[in-house]
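Numbering (this note's numbering), first residue to last: 237 to 727.
Okay, structure coming up:
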């Protein structure tokens with residue numbers, strides 16, 4: 237998922253293996269892939285660098301996982317996305333996109349293309365988000381999925397999901413926000429991947445195809461399969477506990493399978509096939525002009541209105557969309573000129589910058605912005621009331637020294653309170669220990685004498701011992717009478 241702002245068009249190049257006709261003609265491989273450096277070399281002296289490159293042995297899963305998976309995730313945040321398959325006829329565009337469906341299945345196979353994988357991921361992600369909301373105890377998000385499928389055949393837009401092909405009532409409309417929409421086209425609500433695949437298969441069978449010298453089942457029109465996702469969910473408000481707001485998001489995903497560029501000399505097309513080829517090349521030429529202007533970086537007129545194809549892709553090229561171009565090329569040296577043109581085409585496309593923003597309902601978006609602003613102002617008012625913020629003599633907002641001193645004193649008070657609690661706990665422990673000792677002394681009076689009796693007995697023993705020692709120290713003559721003193725006067 238991309239953040240709001242600008243995002244360049246991502247370009248991936250896929251090199252298909254040699255087909256049976258090319259192997260029969262003993263064509264050599266002229267394109268070499270350096271996957272580590274995202275480079276592809278054509279011939280001996282031409283080197284191109286892209287966001288992703290896939291060699292002959294790549295599978296459908298690696299292309300989808302590396303290029304498309306995150307685009308589907310971005311739908312749930314309101315970001316539009318486009319996958320555009322471009323290349324010469326017979327280069328594997330329809331195979332890569334996955335619109336050549338013979339049977340409808342809910343299971344993915346190694347041959348499954350981009351669109352069926354994206355559909356499966358979309359509905360699986362919806363279930364995961366519903367389960368996550370249940371676990372958190374918040375209201376479940378509500379989803380509404382619509383699909384439409386149109387083709388551009390000879391510069392006429394045809395609804396592939398309608399019962400009758402009537403291009404007269406379809407017109408291209410641009411809303412005030414600059415988003416392109418089609419009026420008069422069927423939009424079918426779907427509730428699961430199997431139902432969506434049936435709708436895709438129905439439209440794919442109605443698409444115009446034909447046989448040429450370069451491709452037995454050649455697409456004779458540009459096809460655009462679009463998935464619209466609308467959701468209602470609750471979002472958490474920053475700064476408030478358990479505060480939530482309902483928001484409405486919408487997004488669309490264009491899957492564009494362009495008809496292959498072709499030279500009449502090589503395809504051998506005549507009659508209607510030749511007219512179809514001319515219309516296809518005219519649309520691709522207009523698309524190339526738009527890509528050249530947008531990729532140059534110069535501010536100027538972008539000729540979107542030169543073709544209905546470029547008008548339909550106005551959101552995808554230079555508009556509000558995360559866009560991926562998958563350039564499909566042939567490695568055969570017999571298609572060297574067409575492969576070189578495709579790589580130059582893709583190299584210009586990667587210089588295009590789109591303006592990315594989430595498609596959120598204006599009313600809910602304004603309400604959320606106002607709520608956030610109110611919370612910021614309330615936090616500032618609380619800081620002034622608490623004395624945390626004040627203005628100096630120059631009118632500059634500064635932190636209050638008194639507030640900082642109060643915070644330090646509060647911290648010291650909390651530390652002292654913790655120490656008092658610790659001492660009280662120690663005092664209680666000593667008191668309980670003393671009580672337990674007294675209780676044990678009462679239970680065993682014969683074994684433990686009272687303290688006063690023990691002290692008295694010890695004192696008597698000490699006195700007896702001292703008296704005996706004093707008597708024994710006098711000797712045997714201790715009881716004889718003392719001699720009488722002679723008076724000096726008598727002498």
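The beta-carbon is built from N, C-alpha and C at its ideal position, and this holds for glycine as well.
Exercise. Counting pairs of beta carbons, one from the stretch 484-493 and one from the stretch 313-323, are three or more of them closer than 8 angstroms?
Worked result: yes
Exercise. If you measure from the CB of residue 512, is any heavy atom of the ligand HEM nearer than 7 angstroms?
Worked result: For the structure depicted, the ligand HEM is absent and the ligand set is empty, with no information on it obtainable.
Problem set entry | Span separating the alpha-carbon of residue 529 from that of residue 444 | Numbered from 1 along the chain shown, position 293 holds the residue referred to as residue 529. Numbered from 1 along the chain shown, position 208 holds the residue referred to as residue 444. Between residue 529 and residue 444, the C-alpha separation is close to 31 angstroms.
For this session: Mind reading off the beta-carbon distance from residue 395 to residue 406? Whole number of angstroms is fine, and I expect it under 8 angstroms.
Result: Here the question's residue 395 lines up with position 159 in the chain shown. Here the question's residue 406 lines up with position 170 in the chain shown. About 7 angstroms; that satisfies the 8 angstroms criterion.
For this session: Would you identify the three-state DSSP class for residue 521, choosing helix, strand or coil?
Result: Against the chain shown, residue 521 aligns to sequence position 285. Note: residue 521 maps to helix in three-state DSSP.
Exercise. Roughly how far, in whole angstroms, is the beta-carbon of residue 365 from the beta-carbon of residue 377, given that I think they are within contact range, below 8 angstroms?
Worked result: To locate residue 365, count along the chain shown from 1; it is residue 129. To locate residue 377, count along the chain shown from 1; it is residue 141. About 6 angstroms separates the beta carbon of residue 365 from that of residue 377, a gap short enough to meet the 8 angstroms contact definition.
For this session: Output the distance between the C-alpha atoms of residue 550 and residue 342, rounded to the nearest integer angstrom.
Result: On the chain shown, position 314 is the one that residue 550 refers to. On the chain shown, position 106 is the one that residue 342 refers to. Approximately 33 angstroms, taken between the alpha carbons.
For this session: Decide yes or no for the touch test of the stretch 573-591 against the stretch 531-551: beta carbon pairs closer than 8 angstroms, at least 3 of them.
Result: The stretch 573-591 vs the stretch 531-551: in contact.
For this session: May I ask you to list the residues that DSSP assigns as paired with residue 462?
Result: Within the chain shown, residue 462 is the residue found at index 226, counting from 1. BP columns for residue 462 point to 384, 490.
Problem set entry | Segment contact flag, the stretch 605-613 with the stretch 567-587, C-beta cutoff 8 angstroms, min 3 pairs | Contact between the stretch 605-613 and the stretch 567-587 is absent, because fewer than three Cβ pairs lie under 8 angstroms.
Problem set entry | Segment contact flag, the stretch 283-303 with the stretch 246-260, C-beta cutoff 8 angstroms, min 3 pairs | Segments in contact, yes.
For this session: Count the other C-beta atoms from every protein chain shown that fall within 10 angstroms of the C-beta of residue 439, then say buried if there are 16 or more, exposed otherwise.
Result: The count along the chain shown starts at 1 and reaches residue 439 at position 203. Buried is the call here.
Problem set entry | residue 424 versus residue 612 - alpha carbon distance | In the chain shown, counting from the first residue as 1, residue 424 sits at position 188. In the chain shown, counting from the first residue as 1, residue 612 sits at position 376. Cα-Cα distance, rounded: 44 angstroms.
Exercise. Does the pairing of the stretch 376-392 with the stretch 455-470 give three or more beta-carbon distances under 8 angstroms?
Worked result: yes
Exercise. Under the three-state reduction of DSSP, which class applies to residue 528: helix, strand or coil?
Worked result: Against the chain shown, residue 528 aligns to sequence position 292. Residue state, collapsed to three classes: helix.
Exercise. For residue 379, does the count of other Cβ atoms within 10 angstroms reach 16, so buried, or fall short, so exposed?
Worked result: As a first step, residue 379 is located in the chain shown; it is residue number 143 there, counting from the start. Buried: at least 16 other Cβ atoms inside 10 Å.
For this session: Tell me whether residue 685 sits in a helix, a strand or coil according to DSSP, three-state version.
Result: The residue labelled residue 685 in the question sits at position 449 within the chain shown. Bear in mind that the predicted position of residue 685 carries a pLDDT of just 49, short of 50, making it unreliable; the figure below should be weighed with that in mind. Correct three-state label for residue 685: coil.
For this session: List the endpoints of the continuous beta strand (DSSP E) containing residue 673.
Result: For the purposes of this step, residue 673 is taken as the residue at position 437 of the chain shown. Counting along the chain, residue 673 falls outside any beta strand (DSSP E), though it belongs to the alpha helix (DSSP H) covering 637-679.
Exercise. Applying the criterion that 16 or more other CB atoms from any shown protein chain within 10 Å of the CB defines a buried residue, is residue 242 buried or exposed?
Worked result: Position 6 of the chain shown, counted from the start, is the residue given in the question as residue 242. Flag for residue 242 reads exposed.
Exercise. Counting pairs of beta carbons, one from the stretch 526-541 and one from the stretch 299-307, are three or more of them closer than 8 angstroms?
Worked result: no
Exercise. Between residue 264 and residue 398, what straight-line distance do the alpha-carbon atoms span, to the nearest angstrom?
Worked result: Position 28 of the chain shown, counting from 1, holds the residue named residue 264. Position 162 of the chain shown, counting from 1, holds the residue named residue 398. Going by the C-alpha atoms only, they are around 45 angstroms apart.
Exercise. Helix, strand or coil for residue 610 per DSSP?
Worked result: Here residue 610 is taken as the residue at index 374 of the chain shown, counted from 1. Looking at residue 610 - three-state DSSP - the assignment turns out to be helix.
For this session: Please name the residue, chosen from 258, 245, 272, that lies closest to residue 266 on a Cα-to-Cα basis.
Result: Position 30 of the chain shown holds residue 266. The residue with the shortest Cα to Cα distance from residue 266 is 258.
Exercise. Taking Cβ positions, are residue 286 and residue 274 nearer each other than 8 angstroms?
Worked result: Counting from 1 along the chain shown, the entry for residue 286 is found at position 50. Counting from 1 along the chain shown, the entry for residue 274 is found at position 38. Yes; because the gap between Cβ atoms is below 8 angstroms, this pair is in contact.
Problem set entry | Member of 327, 470, 393 whose CA lies at the smallest distance from the CA of residue 368 | What you label residue 368 is simply residue 132 of the chain shown in a count that begins at 1. Among 327, 470, 393, the Cα nearest to that of residue 368 belongs to 470.
Exercise. Residue range of the alpha helix (DSSP H) that residue 399 falls in?
Worked result: Start at 1 with the first residue of the chain shown, and residue 399 comes out as number 163. No alpha helix (DSSP H) holds residue 399; DSSP gives it neither H nor E.
Exercise. Under three-state DSSP, which class holds residue 389?
Worked result: Position 153 of the chain shown, counting from 1, holds the residue named residue 389. Three-state result, residue 389: strand.
Exercise. If you follow the alpha helix (DSSP H) that residue 442 is part of, which residue opens it and which one closes it?
Worked result: Within the chain shown, the letter at position 206 stands for residue 442. From DSSP, the alpha helix (DSSP H) with residue 442 extends over 429-442.
For this session: Name the one or two DSSP bridge partners that residue 809 has.
Result: Not covered by the structure: residue 809. The range shown for the chain is 237 to 727.
For this session: Please classify residue 610: is it buried, with 16 or more other beta-carbons within 10 angstroms of its beta-carbon, or exposed?
Result: Locating residue 610 in the chain shown gives position 374, where the first residue counts as 1. Counting Cβ neighbours within 10 Å, residue 610 comes out exposed, since fewer than 16 surround it.
For this session: Pull up the CB-CB distance for residue 546 and residue 523, whole angstroms please, since I reckon it's below 8 angstroms.
Result: Position 310 of the chain shown, counted from the first residue, corresponds to residue 546. Position 287 of the chain shown, counted from the first residue, corresponds to residue 523. Yes, residue 546 and residue 523 are in contact; Cβ-Cβ is about 5 angstroms, under 8 angstroms.
For this session: Give the DSSP bridge partners of residue 254, in chain order.
Result: By 1-based counting over the chain shown, the position of residue 254 is 18. Bridge partners of residue 254: none, in fact.
Exercise. Which one of 509, 253, 353, 317 has the shortest CA to CA distance from residue 326?
Worked result: Residue numbering aside, residue 326 sits at position 90 when the chain shown is read from its first letter. When each option's Cα is compared against that of residue 326, the closest is 253.
For this session: Please look up how many angstroms separate the CB atoms of residue 310 and residue 485, rounded, as I've assumed it's under 8 angstroms.
Result: Translated into positions along the chain shown, residue 310 becomes position 74. Translated into positions along the chain shown, residue 485 becomes position 249. Their Cβ separation, rounded to whole angstroms, is 11 angstroms, which puts residue 310 and residue 485 out of contact at 8 angstroms.
For this session: Determine the extent of the beta strand (DSSP E) in which residue 270 is found, giving its start and end residues.
Result: Here residue 270 refers to the residue found at position 34 when the chain shown is read from its first residue. From DSSP, the beta strand (DSSP E) with residue 270 extends over 267-270.
For this session: Tell me where the alpha helix (DSSP H) around residue 363 begins and ends.
Result: Within the chain shown, numbered from 1, the residue matching residue 363 stands at position 127. First-last of the alpha helix (DSSP H) with residue 363: 350-372.
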